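Encoded as structure tokens, the structure appears first; notes follow it.
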Amino acid sequence: MFFANPLRMRIQETDPRCSFARPPQVGWLLVFATIQLLAGAAGGARDLSPVQPEGSKGGAAMALSNPLGFGEWRRWEVGAGRGEEPSALARSKQGDVAVGDGRGVSWRLAGVRPDAFGSDSGERMRALLPAVRDLAFDGKGELWIGTEAGLYRWHRSGRPVRRSLRGAEGNPEIHDLATSGDVVLVASAAGAYWSSSGKIFQPLEFVGVGAAVSRVALFGVSGVSESIGPGMSAQVWLFGGNRLLRIGGRVTPVGLRVLDRTPISLPRPTSELEVVDLVFNPVGRRLALAYPDLIAIRSLAPDSEKDPVGFSWEIVRPVLAPGARLRSLVWPPDGLALSTDHGLFVAATPKGPYRRSAEPVGTRDCMEVVARPDHASLDSLMVLCRGGLYAFERRPRVALRAVEMSPVEVSRERASVQVSSLAPDPPVEEIRLRAFLRAGLDAGRSAALWSGLRRRAFWPELELSFGAKFDDDEARDRDQSFVSGDTRHLFDHSRDRERSFDVAIALDWDLGGIAYPLESVDLSRELRQIVSLRDDVADEINQLYFERQQLRAAIARTETLEPGEVARMRWRAQEIDAGLDAWTGGWIARWRKDHEPRSSSTRRVEP
């Protein structure tokens, strides 16, 4: 805070985690009264943020911590099952939100929003169902639920009702749902199903009767429209069993009149990873086929349902966090958002660059991301993570007037604002080396493994054999003779004993293993995994290190930043520093201690 004589106070936006000097008690009372007056003038809104001064560059610095713009992620409570991992998320045009988990669905009705203190009130509904696979709201605001045991329809004023699918009695598991207006498209283990009104479900032939379909998508060919209705042309895209099929037809009140059925070649071999999402961009008339490690994009013919001549897939490999695997994506007109197991990433175009979103969704395990159906944009994102449900809320820039206050005697020591800078960092090369050494991923490990494998050829195979032989032979002979009228009895007894022992030692050298070790194939496979893991660690360290340097450069220009943004940047820099220090096992903290100046007049620095 800034004090003058007469005293003027400029209310600053501060992070609740930040610590600051405590002003006099009179100043606190005046601050509290001022906030109450401003809150009343703003219609009861408690969440205010200062206006960026005209001509400043604070907005660019804001993007360092939040690529979505000036706003914040707010946690939403939906009353999910206790201890259950969330699996599906849906959002309606009416503002309802539904979350599915392993034991059912939680439905939060529109109009329930958390206040500035994180509490909320309103009606929530919970239904116990089998494990939920996907959720979707139709144009009427009714919730369609795909579970491992079948399809359910839930009215706002009722309870979930099971809907039977012809031919799916033996294998009722639902994989994916897509809706547009009253049209419902279902992907199940028994095939794909179409319904124009949610009453009668028409089976769509895929690659065979009863063939499983894992992903579905709907597209209105007659133009970009909020919903598909009777009389309109539509495209149905089905994926399953590493096959992609496009079905074109015309919507009727009782079903889809199929006009053509076209198999589409896939962008990668069928033996590789499965597709995790199938999404349209209505504005660009393009289809995105999302794999865990890449995105394949295909343009749609603007005036024909046939493919353009010589068309091919465009492969995009987004640069994300090391080891991140894509789970879902949303493609509004103003950009692309990817939910991964390493956080949420956004970009203006599919080719990137992709930037990690602000906390708390920036590093969490995110299951699914959706946008508002009635106003799809990156500003309306809602993300379902392992730790909860979060919605992005853009914060308006509200100007706060300086408030005239009576002069107050404030000591210079208490009124002065101590400006702290970030602590110095070691070179990034040293940090990477320390992290590799701590994780056992240094470059010398591969050389040591190869050297050890070749040295094995100089070690012979030792064969030790021991033998023993024991032989006992005993004979008894009895005879009788008659000589000169005299009878004589003759006895003979013999006994032979043999004992023999032998020991053999054999040494066998396979010197050919010096040049061509037999285990070289297994070692090469292990080394490839080590190299891949080392690249992931290096990528993570580089991202953290240079993001901290960007924050350092931005904090150095404090006159161009909003007060609240400076606090956020400092907390983010400390968070990054803690992560880097953990990678090195505390070496960065020891390095700073060894390199800190010995002078007692040095100013305070923060990690």
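My numbering puts the first residue of the sequence shown at 1059, with every later residue one more than the last. Don't be surprised by glycine CBs; every beta carbon is placed ideally from N, CA and C. Computed from a predicted structure; not experimentally measured.
The beta-carbon separation of residue 1228 and residue 1189, rounded to 18 Å, does not stay under the 8 Å limit for a contact.
Relative to the Cα of residue 1248, the nearest Cα in the group 1278, 1237, 1223 and 1254 belongs to 1223. Bridge pairing for residue 1632: absent [DSSP]. Per DSSP, reduced to three states, the secondary structure at residue 1527 is strand. If you draw a straight line from the Cα of residue 1242 to the Cα of residue 1322, it is about 23 Å long. Residue pairing for residue 1440: DSSP places it in a beta bridge opposite 1428 and 1449. Apart from the 5 residues on each side of it in sequence, residue 1499 sits with its Cβ closer than 7 Å to the Cβ of 1588, 1591, 1592 and 1595 in its chain, given in chain order. Residue range 1645 to 1653 is occupied by the alpha helix (DSSP H) that includes residue 1653. In the assembly as shown, residue 1603 is a buried residue. Its beta-carbon has 16 or more other beta-carbons within 10 Å.
Around residue 1572, the same chain offers 1512 and 1515 as residues with beta carbons nearer than 7 Å, after the five sequence neighbours per side are excluded. Counting along the chain, residue 1562 sits inside the beta strand (DSSP E) bounded by residues 1544 to 1566. With respect to the 9 Å criterion, residue 1186 and residue 1154 are not classified as neighbours on the basis of their beta carbons.
Short of 7 Å from the beta carbon of residue 1390, and not among the five residues preceding or following it, lie these beta carbons of its own chain, in chain order: 1429, 1434, 1435 and 1436. Annotation: the continuous alpha helix (DSSP H) that includes residue 1594 extends over 1578 to 1614. Taking all protein chains in view, the Cβ of residue 1384 is crowded by 16 or more other Cβ atoms within 10 Å, so the residue is classified as buried. Put simply, the stretch 1553 to 1565 touches the stretch 1521 to 1538. At least three CB pairs are less than 8 Å apart.
Of the other Cβ atoms in all chains shown, 16 or more fall within 10 Å of the Cβ of residue 1426; this residue is therefore buried. At the C-beta level, residue 1599 and residue 1641 come within 9 Å of one another.
The DSSP assignment places 1201 to 1205, 1208 to 1212 and 1219 to 1221 as complete runs of the beta strand (DSSP E) inside the stretch 1195 to 1231, in order along the chain (cut-off: 3 residues). Within the model, the alpha-carbon separation for residue 1167 versus residue 1653 is close to 57 Å. Three or more beta-carbon pairs separated by less than 8 Å link the stretch 1251 to 1265 to the stretch 1302 to 1319, which places the two stretches in contact. The beta carbons of residue 1130 and residue 1403 sit no closer together than 9 Å. Residue burial annotation: residue 1445 is exposed, with fewer than 16 other C-beta atoms found within 10 angstroms of its C-beta.
Here residue 1156 really is in contact with residue 1193; their C-beta atoms are around 5 Å apart, less than 8 Å. Counting only runs that start and end inside the stretch 1373 to 1412, there is no alpha helix (DSSP H) element of at least 4 residues.
In the three-state DSSP reduction, residue 1639 falls in the helix class (H, G or I).
Relative to residue 1392, the option among 1347, 1416, 1380 and 1438 whose CA is nearest is 1438. For the 9 Å CB-CB criterion, residue 1234 and residue 1336 form a contact.
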